[in-house]
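Here full-length UniProt numbering is used: position 366 in the first sequence is 366, and no number is missing along the way.
Yeah, the Cβ is synthetic: ideal placement off N, Cα and C, and Gly gets one too.
Note sheet for the following structure.
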Amino acid sequence: MSEITRETLANVLEEIALLLEIQGENPFKTRAYRQGAEIVSGFDGDIVQRAKDDDLTGIKGLGDALQQKLHELATTGRLGFHEKLRSQYPATFFDLFEIEGLGPKKIAALHKELGVGSIADLKTASEAGNVALLAGFGKKTEQKILAALARREAFADRFLLDAASHAAEMILDRLRSHPEVLRAQYAGSLRRSKETIGDLDFIVATAKPAELTAWFAGLDLAESVIAQGDTKCSIRLDNGLQCDLRAVSSAQFPFALQYFTGSKEHNVALRSRALKHGLSLNEYGFTAGGKSVQHGPIPAVHDERDIYRTLGLEFIPPELRENRGEIEAADEGQLPKLVELENLRGTFHNHTTASDGKATLDEMAEAALDLGLRYLGIADHSKASFQANGLDERRLLEQIEQIRIWNKNRGDELWIFAGSEVDILKDGSLDFPDDLLARLDYTVASVHASFTLDEKTMTKRIIRAMENEHVTMLGHLTGRLLLRREAYAVNHDKIIDCAAATNTIIEINCNPRRLDMDWRWWKKARDKGVLTSINPDAHRPEQFQFLKFGIGIARKGWLRKEDILNTYELDKVKDYLGTPKDRRS
DNA sequence: GCCGTTTTCGGCCCGACTGTTTTCAGTCG
Numbered sequence: 001m002s003e004i005t006r007e008t009l010a011n012v013l014e015e016i017a018l019l020l021e022i023q024g025e026n027p028f029k030t031r032a033y034r035q036g037a038e039i040v041s042g043f044d045g046d047i048v049q050r051a052k053d054d055d056l057t058g059i060k061g062l063g064d065a066l067q068q069k070l071h072e073l074a075t076t077g078r079l080g081f082h083e084k085l086r087s088q089y090p091a092t093f094f095d096l097f098e099i100e101g102l103g104p105k106k107i108a109a110l111h112k113e114l115g116v117g118s119i120a121d122l123k124t125a126s127e128a129g130n131v132a133l134l135a136g137f138g139k140k141t142e143q144k145i146l147a148a149l150a151r152r153e154a155f156a157d158r159f160l161l162d163a164a165s166h167a168a169e170m171i172l173d174r175l176r177s178h179p180e181v182l183r184a185q186y187a188g189s190l191r192r193s194k195e196t197i198g199d200l201d202f203i204v205a206t207a208k209p210a211e212l213t214a215w216f217a218g219l220d221l222a223e224s225v226i227a228q229g230d231t232k233c234s235i236r237l238d239n240g241l242q243c244d245l246r247a248v249s250s251a252q253f254p255f256a257l258q259y260f261t262g263s264k265e266h267n268v269a270l271r272s273r274a275l276k277h278g279l280s281l282n283e284y285g286f287t288a289g290g291k292s293v294q295h296g297p298i299p300a301v302h303d304e305r306d307i308y309r310t311l312g313l314e315f316i317p318p319e320l321r322e323n324r325g326e327i328e329a330a331d332e333g334q335l336p337k338l339v340e341l342e343n344l345r346g347t348f349h350n351h352t353t354a355s356d357g358k359a360t361l362d363e364m365a366e367a368a369l370d371l372g373l374r375y376l377g378i379a380d381h382s383k384a385s386f387q388a389n390g391l392d393e394r395r396l397l398e399q400i401e402q403i404r405i406w407n408k409n410r411g412d413e414l415w416i417f418a419g420s421e422v423d424i425l426k427d428g429s430l431d432f433p434d435d436l437l438a439r440l441d442y443t444v445a446s447v448h449a450s451f452t453l454d455e456k457t458m459t460k461r462i463i464r465a466m467e468n469e470h471v472t473m474l475g476h477l478t479g480r481l482l483l484r485r486e487a488y489a490v491n492h493d494k495i496i497d498c499a500a501a502t503n504t505i506i507e508i509n510c511n512p513r514r515l516d517m518d519w520r521w522w523k524k525a526r527d528k529g530v531l532t533s534i535n536p537d538a539h540r541p542e543q544f545q546f547l548k549f550g551i552g553i554a555r556k557g558w559l560r561k562e563d564i565l566n567t568y569e570l571d572k573v574k575d576y577l578g579t580p581k582d583r584r585s
């Protein structure tokens, strides 16, 4: 029996939800399982242990039935109910749910009538023209399935933040310059600063919605038009990214923006709260609702802030809207004052041509100056990263000297901190000796090889590095490359505890391919007193722009200005780095 | 299947768009 993890528990519940849908079960029952999966994934604590101990009472959304099932699953590694459902379908069956345009009803029909149990089956049946013959299906549906299958092969279904953000800003500019647009904003997961983006959502306020949707469908950026109506239009860009436009009145705008920003889970919670206030909330406004509560007059709403205020809540910034405690905190007036891009004073963890960067030290420094930064940390690779032209001891000493000269001449404009991104070797020792590390202003310690160690060994390895007095911060904790490579196994709880105990900073690597450590861990780390640094890992000047994605992740992790080293003023950073590690706070 | 400061039963979010329909089901968000 493989080890039971949080993911196992959540996946089993999610699969049950899908299978129940296929069987036409009561939709509310299906939803209960799906919500159960969400609760398990987002639970703040050791849900697996709680399930093993049959200690799940009191967790909202997990009733008797789910508690019993989770307990069975956690203790025995299997769930009879789940296995019975699954046994009726092939192992490849769940892939079908990823096909655009196919939901439980259509998948059930395809399976029952044509025996379709995999993507390959679906392709064969569609190409043979058998799908179009089914009741409720037609030629167009079959064509759409084939197109979706082709697209699935050609494109990723999710996009990195930089690609999504770039497209969104471009389209937003176009929308805002349209004469019939009063207000425009992007919503969805991009506005929430999720680490990857499925599609883009735009909301416009206009008196002429149909004119806007037609204009949107005709954009030269549109590779194809997925749907076009009087108030809604969906197009696909030529990189495969889907963009949805909703055109609403100015009065509806805040509601639509709130609604389409999501997350779905946040909105469900918000709507249920509205009902308790005697109000029904949807994407167009408040209406009288709720069964037994006497409602007052429908309040005036001009912006999103008014929506939250009406429900007795502080304004909840989009990044926090994941139903992970933000509504409760807003209710108690306990939301953090989140960090802003303007709070940044400098940046650490940047590369130059000395290792694998594409710009020289001077070029990086000039770019940092242009950005208005007060200090810049250089951290080129160490010698073990030979694939990245890592510096040996002699070259590092030369670079330190070069930085000292810069500071002597131009330190009052931009102060450069001499650092190193030193490799954490397989046994947890570092790639440079302590006496050399001691000559640096700071170090970023990172894993760049031996990714396949088991979790216990990897965690021990990283902890050994953190215990070194010269390790200022930990680079990209899990080594994940979003949409490309999974994180290596590492125990976040233990790393966070060690970071707190040893005063080691954990970076937020804001390369859009990384965004590591994951935002879901930051609130816990912050509460334990762990400091972070928002690090662009820039290999060329334009990559300083990654800082804004790091800010998004920090905000998503509930972080405030004071939780982040590079919001400190220069003097304070010098003090911090000049204080022995065990006496930093 | 979950929930409850009127409820232990009867609610649980719902509107837009498409395609296959002859009045609506399915999907998506």
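Linking Pro209 to Leu570 through their CA atoms gives a straight-line distance of about 50 Å. With contacts defined by Cβ atoms closer than 8 Å, Arg520 and Leu481 do not form a contacting pair. Note: His381 is bridge-paired with Glu421 in the DSSP secondary-structure output.
Under the three-state reduction of DSSP output, Tyr186 falls in the strand class. The Cβ atoms of Met458 and Ala499 lie no closer than 8 Å to each other.
Segment contact: the segment 385–393 against the segment 350–358, three or more CB-CB distances shorter than 8 Å; contact assigned. By the neighbour-count criterion, in which a residue is buried when 16 or more other Cβ atoms sit within 10 angstroms of its Cβ, Phe315 is exposed. Ranked by Cα distance from Leu9, the first of Leu134, His82, Leu313 is His82.
Close CB contacts of Lys383 within its chain, under the 7 Å cut and outside five residues either way in sequence, are with Gly390, Leu391, Asp392, Asp431 (chain order). Boundaries of the beta strand (DSSP E) around Arg246: 242–248.
In this structure, Arg192 places its C-beta atom within 8 Å of the C-beta atom of Glu319. CA-to-CA, the gap between Ala247 and Ala256 works out to about 9 Å. Ranking Asp362, Leu311, Leu376 by CA distance to the CA of Val573 puts Leu376 first. Counting only runs of at least 4 residues, the segment 443–527 fully encloses the following alpha helix (DSSP H) elements, listed from N- to C-terminal order: 455–466, 492–502, 522–527.
Under the three-state reduction of DSSP output, Gln399 falls in the helix class.
Secondary structure at Glu569: coil, using DSSP grouped into helix, strand and coil.
When C-alpha distances from Arg540 are compared across Ile378, Glu398, Leu275, Arg526, the shortest belongs to Ile378.
Leu182 counts as exposed, since fewer than 16 other C-beta atoms from the protein chains shown sit within 10 angstroms of its C-beta. Taking C-beta atoms as the reference points, Arg158 and Ile99 fail to come closer than 8 Å. Using a Cβ distance threshold of 8 Å, Ala37 and Glu14 count as a contacting pair. Nearest Cα to Ile145 within the set Phe155, Val131, Glu342: Val131.
Considered as a whole, the segment 523–563 harbours 547–556 as its complete alpha helix (DSSP H) runs of no fewer than 4 residues, in chain order. A residue is called buried once 16 or more other Cβ atoms fall within 10 Å of its Cβ, and Ile405, having fewer, is exposed. Proximity of the segment 14–28 to the segment 50–68 falls short of the contact definition, fewer than three beta-carbon pairs being nearer than 8 Å.
When the beta-carbon positions are compared, Asp516 and Thr478 come within less than 8 Å of each other. Inter-residue distance for Lys581 and Asn350 is about 22 Å (C-alpha atoms, whole angstroms). When beta bridges are read from the DSSP output, Lys232 appears opposite Arg246. A Cβ-Cβ distance of about 6 Å is found for the pair Arg345 and Asn566, placing them in contact under the 8 Å criterion.
Assignment of Ile226 by DSSP, reduced to helix, strand and coil, places it in the strand class.
For Thr124, the secondary structure class from DSSP, reduced to helix, strand or coil, is helix. In the three-state reduction of the DSSP assignment, Thr287 falls in the strand class, which pools E and B.
When the Cα atoms are used, Thr452 and Glu486 turn out to be separated by approximately 11 Å. Within the segment 10–46, complete alpha helix (DSSP H) segments of at least 4 residues are found at 27–42, given in chain order.
Non-local C-beta neighbours of Glu211 in its own chain, meaning closer than 7 Å and more than five positions away in sequence, comprise Glu180, ordered along the chain.
Per DSSP, the beta bridge partners of Phe202 are Tyr186, Leu245. CA-CA distance, Trp215 to Ala222, rounds to 11 Å.
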